[in-house]
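Count the sequence shown with the working numbering and you get residues 3 to 210, in order. Below is one structure; the comments refer to it alone.
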Amino acid sequence: MSISLLPLPYAETALEPAISATTLQTHHGKHHKAYVDKTNAAIEGGELAGKNLEDIVAAAEAKGDATGDWGLFNNAAQVWNHGFYWHSLSPEAQSPQGELAAAIDASFGSFDALKTELATQGTAHFASGWVWLVAKDGKVAVEQTHDAATFNSLGATPLLVIDLWEHAYYIDYKNLRPDYLKQVIDDHLNWAFAGENLSRGAVWAYPA
Ligand code: MN
Numbered sequence: 003m004s005i006s007l008l009p010l011p012y013a014e015t016a017l018e019p020a021i022s023a024t025t026l027q028t029h030h031g032k033h034h035k036a037y038v039d040k041t042n043a044a045i046e047g048g049e050l051a052g053k054n055l056e057d058i059v060a061a062a063e064a065k066g067d068a069t070g071d072w073g074l075f076n077n078a079a080q081v082w083n084h085g086f087y088w089h090s091l092s093p094e095a096q097s098p099q100g101e102l103a104a105a106i107d108a109s110f111g112s113f114d115a116l117k118t119e120l121a122t123q124g125t126a127h128f129a130s131g132w133v134w135l136v137a138k139d140g141k142v143a144v145e146q147t148h149d150a151a152t153f154n155s156l157g158a159t160p161l162l163v164i165d166l167w168e169h170a171y172y173i174d175y176k177n178l179r180p181d182y183l184k185q186v187i188d189d190h191l192n193w194a195f196a197g198e199n200l201s202r203g204a205v206w207a208y209p210a
């Protein structure tokens, strides 16, 4: 069994105009698919064939640490990150509820303060990477990772992620990453998914 390209959990037009169908066709249908295809090519016939994606990412990270060869990690980690990103987006505007809303208020003071922090860190992040909302040590926090790095490097439970790679916004916003972040943060984050990730007690698993 190989790693699959997780279907988008909404129509390609569902996030317009914040994220165009053209961007999703390219980002999901080309970029994400390429990470899936390269991962499958790398594991075919080897000891990682048939493993779940989380195990492949962990093994690839250990290989990178040991040998300096990050080729499989970069592709497998990007498969996971993109699956988590598609679920972090919502066609409809939402707001945090229940346990998550209380944790945000306790950690940031208000939901607006959290949104500002996501935009600030997402804008400040240099080059390619991801800005995350995570749960850590009983609080929620905003963290960044570079390139393909996953939440694993943060020692925290991921709740939401926003893709900061240029391919996520260049078609729609050119160089204006802050405008992309504002549209996504204001109207298209899946706070229900974040709440599920906080209460589940285990990290979201990439569908087999
Ligand atoms: Mn991407």
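Positions of the beta carbon are idealized from the N, C-alpha and C atoms, including for glycine. None of the values given here were measured: they were computed from a predicted structure.
Around the C-beta of residue i, are 16 or more other C-beta atoms found within 10 angstroms, so that it is buried, or is it exposed?
i	result
Pro98	buried
Asn177	exposed
Ser4	exposed
Phe75	buried
Ends of the beta strand (DSSP E) at residue i?
i	result
Leu91	Careful: Leu91 lies outside any beta strand (DSSP E) and carries neither H nor E.
Trp134	Gly131 to Lys138
Where do the ends of the alpha helix (DSSP H) carrying residue i lie?
i	result
Gly100	Gly100 to Phe110
Can you give the Cα-Cα distance for residue i and residue j, rounded to whole angstroms?
i	j	result
Trp82	Glu63	13 Å
Asp189	Glu168	20 Å
Ala137	Leu161	7 Å
Ala207	Phe86	9 Å
May I ask you to report which of helix, strand or coil DSSP gives residue i?
i	result
Thr159	strand
Asp67	helix
Thr122	helix
Lys141	strand
Leu7	coil
His127	coil
His148	strand
What is the C-beta distance between residue i and residue j, in whole angstroms, given that I count them as a contact (C-beta under 8 Å)?
i	j	result
Ile164	Leu200	Not really, about 17 Å apart at Cβ, beyond 8 Å.
Ile58	Ala78	5 Å
Arg179	Thr125	6 Å
Trp132	Leu91	13 Å between Cβ atoms; not a contact.
With a threshold of 8 Å between beta-carbons, can residue i be considered close to chain B, or not?
i	result
Ala62	Note that chain B does not occur in the displayed structure, where there is just one protein chain.
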